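**Student:** Numbering-wise (my numbering), the sequence shown opens with residue -10 and increments by one.
All C-beta atoms, glycine included, are put in the ideal place defined by N, C-alpha and C.
As the structure is a computational prediction, the values presented were derived from the model and not from experiment.
The structure follows.
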Amino acid sequence: MTILWPKFFQFVDTASDVLVFILPIEFQIVKFSLIKS
């Protein structure tokens, strides 16, 4: 179990980086859709 911890934290770290990158893009798309409709 302890062997998996570093991998798990690395995954969480990567996931949060991806989220921080994707969320602004998602927000722009939603905003654009709302303005267009």
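May I ask which residues mark the beginning and end of the alpha helix (DSSP H) holding Ile(-8)?
**Tutor:** Note, Ile(-8): premise wrong, no alpha helix (DSSP H); not H, not E.
**Student:** Classify Ser26 as helix, strand or coil using the three-state DSSP reduction.
**Tutor:** In this structure, Ser26 counts as coil in the three-state DSSP scheme.
**Student:** What number of angstroms, rounded off, separates the C-alpha of Leu(-7) from the C-alpha of Val1?
**Tutor:** Each residue's alpha carbon lies about 12 Å from the other.
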